[in-house]
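K.L.:
Just dropping this structure here.
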Amino acid sequence: MNTAIAKKRISQVLRVDSIDSTDSDFLATHVPFRKIVVATKSGDQFEESYKSEEDIYRDIFNNNLTRNEHQFVIVEGSSGAGKSHFIRWLYAMLSAKEEKDDVVLLIRRSDNTLKGTIRQLLEIKEVKEISNKEAYERLVKANQAITESKFKSTIYHQFIVEIENDTSEVLGNIKRKKLIALLNNSAFQERLMAAGGPIDRIYSKITSSLGVDLDLIAQFSKADLTLDIDFINQLDDADRKAQDFANSLMEGDDDEFIEKITAYMNSFVETVIQTSAGIEPGDFQQIFKEIRQEIKRKGKNLILLVEDITSFTGVNQALLNALVTGHTGSNAVDNLCKLISVVGTTTQYYNQFRDNYRDRITKQITINDGVIGENKSDLVQFVAKYLNAISLDSETLDTWVKNGAYSEDMPVHEDKDHDHWDKFKLASGKQISLFPFTQNAVINLYEAMSDHKTPRYILRDIVEPAVNEVLHDISSFPKFCLGWHSSLPESVENRIGNIVQSTQIAQELKADYRKRLVAFMSFWTNKTLDVTSNGCIAGIKTKIFFELDFGEFVSKLTRTATVRKVADPVPVPDKTSVSQPTNDEVVEVTVEPVQPVKPIVHA
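This is the structure we're talking about:
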């Protein structure tokens, strides 16, 4: 690892949302998806199959059978499963092809709010050229700043306005008036407008992206409207109608009614957002219609990649209406270009799609949790590529991309200072240092993750803290995983404790020393205390122990241990082959033997 470069590059490369990374960082760290569940429309049914990302790309964009057909493709999965990464990969592939007949537009996730999305739309050439200047000006106005408190208050009171003017029969007139009375109650208003409450969530998805959960859905939840006895008691002096309705939302009473009111409030969210933001309901549909007409006039097709549908909070239904509109049949009179749209969404939000949208889906792509870990070679490759990118300056990678981004030419940092650590060998023959990990560490730490075993959380919970520790205080390594559950044999852990207790380390430091050592032995090694003749302890080079200030432990262990010949079978051999994934990818993981070295002594 090039520590000087890594300190500058870690925040650039380890972005939890790949859509925000540069093209060069993205391509340098991309690991192909192996198996993706694809449900393809066949008549009135969907046929499921597992496909590679290359096959999916060809099916959507290079399939002669669907070349001239309208396509509405959904990419769904849980938070962090890799939806952003997959859509960004599609965009990179399309950009590389530079098809003259296609206009490719990407709506990024970088600012996952309505105003952030509007900013992106206003930068698109096709939007700037639309003839509907009135709609364009409304979008510009919607992008103007307004104070947070005023905007939240506007949102809240707009719900009251919509309910007052509701002509549906979802709620009877009496219940509707009681709900309005409760909404006008100051205590209830304070509850709904509190930090983290529904109004705060809706506001955040319209105009503020700082510190906001990118997968957050701007809606009321059942918990928002479920009232406990303590809150009910606060309404003793409230309007009688407000008290009556509050009692109907009492925790443990009529859950079905609370769910009904939650759905009722959510039915107004889109209209409230549009009104509050100054957007007319038909603006987005009209703009996309005119974009498609302009592109049609130029003799081209439109490919629209939307990283996250919730970034269109407030107009997402209008967007979906635009995306499901074809260019043939009864729509031919509008002279619309062919549209292929690929839309990312969380499974939670996708489950709320209306049937009329589901019926128009031509292909559903599901990115499952943990896909990156199904094949251990892919998992190690994923970590290795990020470690490599951290050690390369952006100019080096930019040059590689400009020259074609061929995998065999990908630059690799030669980490001579950590040549004794595990390496990851590519098909090109180049080897990426896994420092500060071993192959065992990557796999074991992944297995020990409590949940969310997805690329985003691997970077956030494993790679980033580990790299930060070795960059700034290697003597504390691996502090980040001290509380993680491990399967280190009790006999090994007890022996480690006895050895540490017999060292010359100060008594007050022994507890922390032992915890670090147990964590390191649990995840980085083969979980034994075997000393072998090729200079290894527990399957890894002795020099690594000295680097991490475990020299006292090594000295005590090697005085009494029986040295096994390297030819003897040991749990982790010096060279471990891993099943080959795909062409031009990882071939094997190799641990190169090194000559005995002097211990590194830390000041």
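In this note's numbering, the protein residues as written are 23 to 625. C-beta atoms are modelled at their ideal positions from N, C-alpha and C, and glycine is treated no differently. These numbers come from a predicted model, not from an experiment.
#1: In this structure, does DSSP put R130 in helix, strand or coil?
#2: Does the stretch 382-392 touch the stretch 78-98, meaning 3 or more C-beta pairs lie closer than 8 Å?
#3: For A240, is the classification buried or exposed, using 16 other Cβ atoms within 10 angstroms of its Cβ as the cut-off for buried?
#4: Between the stretch 565-574 and the stretch 487-500, are three or more C-beta pairs nearer than 8 Å?
#5: For V594, which residues from the same chain have a beta carbon less than 6 Å from its beta carbon, with the 5 sequence-adjacent residues on both sides left out?
#6: Expressed to the nearest angstrom, what Euclidean distance is found between the alpha-carbon atoms of N269 and I254?
#7: Return the CA-CA distance between V234 and K227, expressed in angstroms with no decimal places.
#8: I need the DSSP call for S352, collapsed to helix, strand or coil.
#9: Straight-line CA distance for T62 to I331?
#10: Pop quiz: V46 and V423 are said to be a contact at Cβ under 8 Å. What is the actual Cβ separation, rounded to whole angstroms?
#11: Helix, strand or coil, according to DSSP, for Q602 in the structure here?
#12: Is the stretch 247-266 in contact with the stretch 198-208, if contact means three or more CB pairs nearer than 8 Å?
#13: What are the uninterrupted segments assigned as beta strand (DSSP E) that are 3 or more residues long and contained completely in the stretch 485-523, given in chain order?
#14: Are I412 and V35 touching if we call contact CB-CB under 9 Å?
#15: Just to confirm the assignment, what range does the beta strand (DSSP E) spanning I313 have?
#16: With DSSP as the reference, please indicate the residues paired to G366 in a beta bridge.
#17: In the structure shown, what three-state DSSP assignment does V192 receive?
#18: Please confirm whether I177 and L205 have their CB atoms less than 9 Å apart.
#19: Going by the beta-carbon positions, is the gap between A449 and E430 smaller than 9 Å?
#20: Would you call the stretch 525-540 and the stretch 552-559 in contact, with 3 or more CB pairs under 8 Å?
#21: Can you name, in chain order, every residue of its own chain whose Cβ lies under 8 Å from the Cβ of G219, other than the five neighbours on each side?
#22: Taking buried to mean at least 16 other C-beta atoms within 10 Å of its own C-beta, is Y408 buried or exposed?
#23: How long is the line joining the alpha carbons of Q370 and S101, rounded to whole angstroms?
#24: Between the C-alpha atoms of L493 and D222, what's the straight-line distance to the nearest angstrom?
#25: Going by beta carbon distance, what residues of the same chain come within less than 6 Å of G68, once the five residues before and after it are set aside?
#26: Between the Cα of W443 and those of S544, S106, T564, G426, spot the shortest distance and give me the residue it belongs to.
#27: Examine the Cβ distances between the stretch 339-348 and the stretch 67-83 and report whether three or more of them are shorter than 8 Å.
#28: Rounded to whole angstroms, what's the CA-CA distance from R89 to L324? Just pull it up for me.
#29: Considering only residues of the same chain and omitting the five flanking positions on each side of K244, which have a CB-CB separation below 7 Å?
#30: Is it buried or exposed for K174, if we count other Cβ within 10 angstroms and need 16 for buried?
#31: Looking only at its own chain, which residues have a Cβ that is under 6 Å from the Cβ of K452, when we skip the five neighbours before and after it?
#32: With a threshold of 8 Å on Cβ separation, who are the neighbours of A28 within its own chain once the five nearest residues in sequence on each side are excluded?
#33: Decide if E145 is buried, meaning its Cβ has at least 16 other Cβ atoms within 10 Å, or exposed.
#34: Counting C-beta neighbours from all protein chains within 10 Å, is the total for N195 16 or more, i.e. buried, or is it exposed?
#35: Figure out for me which residue from N397, M432, T51, W546 has the closest Cα to the Cα of V464.
#36: Leaving out the 5 sequence neighbours to the left and right, which residues in its chain are closer than 7 Å to V540 when beta-carbon positions are compared?
P.N.:
This is what the structure holds:
#1: coil
#2: yes
#3: With 16 or more other Cβ atoms within 10 Å, it is buried.
#4: yes
#5: Unreliable positioning characterises V594 in this predicted model, as indicated by a pLDDT of 43, which lies under 50. The coordinate reading is nonetheless provided below. Taking V594 as the centre and dropping the five residues before and after it, the same chain places the C-beta of N548, G561 closer than 6 Å to its C-beta, in chain order.
#6: Their Cα atoms are separated by approximately 7 Å.
#7: Confidence is the limiting factor: at V234 the pLDDT is only 49, short of 50, which leaves the residue's position unreliable and the question unanswerable from this model.
#8: In the three-state DSSP reduction, S352 falls in the helix class (H, G or I).
#9: 20 Å
#10: Correcting the residue identity first, residue 46 is Ser in this sequence and not Val. That belief holds up - the Cβ atoms of S46 and V423 are roughly 5 Å apart, short of 8 Å.
#11: Here Q602 scores only 35 on pLDDT, less than 50, and its place in the model should not be relied on; the value that follows carries that caveat. Q602: coil per DSSP, three-state reduction.
#12: yes
#13: none
#14: yes
#15: It is not in any beta strand (DSSP E) - I313 instead sits in the alpha helix (DSSP H) that spans 305-319.
#16: Paired residue(s): V97.
#17: The three-state secondary structure of V192, taken from DSSP, is coil.
#18: no
#19: yes
#20: Contact between the stretch 525-540 and the stretch 552-559 is absent, with fewer than three C-beta pairs closer than 8 Å.
#21: R213, D246
#22: buried
#23: 9 Å
#24: 38 Å
#25: Residue identity differs from the one stated: residue 68 is Phe in this sequence, not Gly. Closer than 6 Å at Cβ, skipping near neighbours: A61.
#26: It is T564.
#27: Not touching, per the Cβ criterion.
#28: 12 Å
#29: I280, E281, T284
#30: buried
#31: V434
#32: I412, S413, V489, L493
#33: exposed
#34: exposed
#35: W546
#36: L510, E515, I518
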